[in-house]
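Down below is the structure, laid out as structure tokens.
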Amino acid sequence: MEWIHLAKQLKSRRKQLKLTQEELAEIAGVSLRALKQLELGKANPTLRTLFLVGDTMGLRLNFEIRTIDSDAKSDSFI
């Protein structure tokens, strides 16, 4: 799955809050490396990491799980 859309939203929100990556990582309780990879869209983050970072910045993350039809190509939705 491509995380680039989510990555851009997270980075934008962090900047809006005037937080450095170091500050956000420390407050959220995630590694700086994990946060950097997440913001670059190069990570396959755990749900825990997504919720910690999102919650720290006042974001609500919603996930939808559904079956994949055999005739339709589908991805997970974030």
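Just remember that my numbering sits 284 ahead of the position in the sequence shown, which is counted from 1.
Glycine included, each C-beta is placed from N, C-alpha and C at the ideal position.
Computed from a predicted model, the values in this text were never measured in an experiment.
Inset, instruction - Flag this pair as touching only if the stretch 320 to 340 and the stretch 285 to 297 have three or more C-beta atom pairs under 8 Å; answer yes or no. - result: yes
Inset, instruction - Could you tell me the distance, in whole angstroms, from the CA atom of residue 317 to the CA atom of residue 308? - result: 12 Å
Inset, instruction - Output the distance between the C-alpha atoms of residue 353 and residue 334, rounded to the nearest integer angstrom. - result: 27 Å
Inset, instruction - Within its chain, find whatever has a CB closer than 7 Å to the CB of residue 301; leave out the 5 residues flanking it on each side and keep chain order. - result: 341
Inset, instruction - Compute the beta-carbon to beta-carbon distance between residue 336 and residue 314, rounded to the nearest angstrom, for a pair I have assumed lies under 8 Å. - result: 6 Å
Legend entry - 7 Å Cβ shell around residue 320 - same chain, five flanking residues per side excluded: 305
Legend entry - Alpha-carbon spacing of residue 298 relative to residue 350, whole angstroms: 30 Å
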